[in-house]
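Protein chains in written order, with this note's numbering: chain H, 1 to 312; chain R, 313 to 640; chain L, 641 to 1141.
Built from N, CA and C at the ideal position, the CB exists for glycine as well.
Notes to accompany the following structure.
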């Protein structure tokens, strides 16, 4: 009979969780589903927080699900959101390439989809909101060229290969370096999870092979932070310029404190709000452009502090 | 402790009859029913045919993996490689059909064979090299994940023919998709095998004690390799189902699925010590996990609270199971 | 506290009056009086379930008595834990060792109270003191030896050494010789004699009645929790003791077995084991014959029969069944060829204690039940019911094997194989740890197997058993075949001479 006791207990736990969930229910009838790729990543978490904050202001119920990086989990979760009769879906795809399956399912149920950060190539969302990564990476590249006087050896700590952000940031950065022949990419290696400890290990190995590296580009702030740590540990006799991308909280702090030299701050708050506004517009049958690419802001020690207080 | 056992011996007192025939899933079943009742009252969306079918859809991959894992755990082993083998098999299928134009039907068969081969290697490491199952399958977990990435240099393969993706998406007779059907058929076959065939019954002997099993004339090594190979083949099958569901093959698929699978099997009443477990219990365990995350999603419970709830349910299930065993 | 509470008790030693113990309302020990003087060995006899273990558990502080008093060395004695009893000088040496196999002898002896020098373990002192104790026991082993590498007998002596370093003055030995061979038993008895000289008392629990006369000063017999007899001398006929233990007269322990038939069923030729456990063994067994294999522990008896049945590999030699050479690589091959074995350790090798009787009987027998490889719970239950009623096992198919008594467990293992009507039945230590009443039943079964025309091989450390049952006896010593004795030549002395050669 222990099992019965167990299940009663867990039923109570579930009921408690249910209350927590329904307590947040708003007066307004609109319900919008937010499917996040991975809440462990600060970038996604920031978007989530801004969507939820904007929803609360407007009295719209936001149901958030977290796929923890697994595409199959995300398909199931979106299935549940559709069952829940959401009015619109904000979809931040998990996995290397965005899956079209959830968009198809939502469309079949007559639910508009706002794709954020990545867009399924086969079945794109009704609108797509992302940073113009190519342009932003190019801006970053130009800045690097300018800071170094046009010479240097670059080590690139890549993100997960095959993902859209990795490809776009590579394209933009290389475009900038094309106009800056004195700077050469001497090493590049991919990480799997965009994590700081990976960045540290990869950069350390690069410095071992080539201590003459003068520039590190981490494809995300966490990777750049790892690289900066590796540089510090290596005790080099020359300065190394370390730049990142994303402008997440840890990255901005590091830029403010001079640990990183620059990053490109994505407008996560703006994107979250824009995603919610687009979703409402789509529900109301208004026209929304198919792509709404946002610029990112070059952030150095001069403007980092401001962004920390008031993230764009 | 001394005297009560003497007492048992003296009187031949009848203790709980415990045919490990699969009736041990009664407790988890009560739990599942309770969960369903709670969700039915708290969410208007839960108790609908469509949602029930959704849940079946959602647990198919986990369920197929859990069948193989049940057999492995009954023998007293563990297979940590199911998620990686799933990814490797699904990549093998996509790679063969994409790069070499192998007909998809044959590529599907190859995916299952790939899984079986991985499992057989694990089984041989355990029986011939005498590695503990935990270590052998931990090694296979890493190797298979690496192989899955090597095939396409880490890229995923997107876009299968529509007849293939319809396996997961089209509900025949408004009821069953092909993948759910495959899951149900696998469950029935496994149930029959474990209950009515000597080969299945022998797994319980091996889990109870490999030495007793061997002295009883059971070819323990052969059976062990077979069990891991079958678990691998089922991982391959699950990989096919997942590819149909995602309309793609991803080398990163199935990360940490081994833990979900083990949790489902253990919630279903199996003992990691071996010799105890049933397919019926496992199905209930799989459904508990599926219903729990489905219901919590429907209730719009925050993802962070969901993690806590699911963790608590697993801990409670196993705690009461061990306590119950000790009290016997 | 003055000895006035029990005026007639001896001033030293242990004195027990009116000791009773209830478990869940059942009285398992009732109104027991027992005295143990310093330097005295009192044998406590009784069948399994008679209450011996409960009595020792109460003295050793494992269970508190429900009623009654104990006086130890003139003080009222009410131990609340084994540590408490040990501190007072009373130690219990278990049948099953409770040693840590990966630690050294010295560490085991001093575990929980390692001599310290500052924050470090004082290994020097520890090893020196352990060595002293080992010497006192006449053991010539370095104290740094890993306990797991010791033989069972030596491990037991480590347990005794441990108790002695705690200054134990009364040791309770629970079945100390169950795992010992003749030579090791002799060593143990020498040590008991030596400790007696130092004034150490013993309560000695054993099923081996022949030992009692050798070692005990007095004998107390328990039956159903009550003291039924005490003898002030150990020179009591074994038959009397058995009758007191089982509560009825036992005319003969061993059934008479008809002479074997002529047909040779099993023959082994020049058999050697891979690790030299036995070498060049040859013998043959006829239908209806009971063939005994004797020898002291470590002689290679178990290794020999395990190799014959395919459980362990053979280095050389051949096994023939019905005149045909067979290659048995796995126990499964042997079973299919009609050769079955009841293994030495029924709890570890013969049975799955957590599983039901029906399951236990079924493993290895699925080919005999159901149709075309399909089995059902019903078929299993019927099969098990038939097997256990044929053997008279007291139990139900759905019961867990762990609730059976040792004798019934052994019958269950035999029941499993008897269902196959095998040609050759090998029993390794068929009555180890089984009480006297149940032993006779096992002997009847063995006789029945031979009667029905099977070739039966019995391996046993119990010489009485081998002599009482066998038509012929093979004696092994240190892996060598020392002799093959016919019934006429069989005697205690003859076997022991060969076994210790």
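| query | result |
| --- | --- |
| For residue 744 of chain L, three-class secondary structure by DSSP | strand |
| Residue 84 of chain H vs residue 514 of chain R beta-carbon contact at 9 Å | no |
| Within 9 Å, strictly: CB atoms of residue 280 of chain H and residue 242 of chain H | no |
| Test: residue 1007 of chain L CB closer than 9 Å to a CB of chain R | yes |
| Separation of residue 1063 of chain L from residue 1076 of chain L, as counted between CA atoms | 28 Å |
| Exposed unless 16 or more other CB atoms sit within 10 angstroms - verdict on residue 1000 of chain L | buried |
| Chain L within 9 Å of residue 445 of chain R, Cβ atoms only | no |
| Option nearest residue 105 of chain H by Cα separation, candidates H:132, H:127, H:76 and H:121 | H:76 |
| Close Cβ partners of residue 1134 of chain L (< 7 Å) along its chain, the five nearest in sequence each way excluded | 1125 |
| Runs of beta strand (DSSP E) lying entirely within the stretch 950-1009 of chain L, each at least 3 residues, in chain order | 954-961, 964-966 and 979-982 |
| Under 8 Å by beta carbon: chain H residues contacting residue 557 of chain R | 72, 75 and 101 |
| Residue 256 of chain H: CB within 8 Å of a non-hydrogen atom of the ligand HEM | Questions concerning the ligand HEM fall outside what the structure shown contains, since it holds no ligand whatsoever. |
| Inter-residue Cα distance where the pair is residue 791 of chain L and residue 745 of chain L | 12 Å |
| Chain-ordered chain R contacts of residue 988 of chain L [CB-CB under 9 Å] | 521, 523 and 524 |
| Residues bridged to residue 190 of chain H (per DSSP) | H:158 |
| Cβ neighbours of residue 624 of chain R in the same chain (closer than 6 Å, five flanking residues each side left out) | none |
| Under 9 Å between C-beta atoms of residue 283 of chain H and residue 80 of chain H | no |
| Assigned secondary structure, residue 661 of chain L (DSSP; H/G/I helix, E/B strand, else coil) | strand |
| Cα-Cα separation between residue 1045 of chain L and residue 701 of chain L, rounded to whole angstroms | 25 Å |
| The beta strand (DSSP E) enclosing residue 673 of chain L, as first and last residue numbers | 666-676 |
| Contact residues within the stretch 560-571 of chain R, judged by C-beta distance below 9 Å to chain H | 560, 562, 563, 564, 565, 566, 567, 568 and 569 |
| Chain R contact for residue 299 of chain H (CB, 9 Å cutoff) | no |
| Residue 269 of chain H in three-state terms, based on DSSP | helix |
| 8 Å Cβ cut-off: residues of chain L touching residue 514 of chain R | 1003 and 1006 |
| Under 7 Å by beta carbon: chain L residues contacting residue 508 of chain R | 1014, 1015 and 1016 |
| Option in L:1137, L:1114, L:1118 and L:1121 with minimal Cα separation from residue 1127 of chain L | L:1114 |
| Cutoff 9 Å: residue 672 of chain L Cβ touching any chain R Cβ | no |
| Reduced DSSP secondary structure (H/G/I, E/B, other) of residue 461 of chain R | helix |
| The stretch 839-847 of chain L / the stretch 862-874 of chain L touching (three or more Cβ pairs under 8 Å) | no |
| Unbroken stretches of the alpha helix (DSSP H), 4 residues or longer, contained in the stretch 564-588 of chain R | 569-579 |
| Residue from R:550, R:422 and R:364 with nearest C-alpha to residue 498 of chain R | R:550 |
| Residue 190 of chain H versus H:41, H:300, H:74 and H:203, residue with shortest Cα-Cα distance | H:203 |
| Chain L within 9 Å of residue 460 of chain R, Cβ atoms only | no |
| Per DSSP, cross-strand counterpart(s) of residue 685 of chain L | L:861 |
| Residue 194 of chain H versus residue 163 of chain H: straight-line alpha-carbon distance, rounded | 11 Å |
| Which of helix, strand or coil DSSP assigns to residue 358 of chain R | coil |
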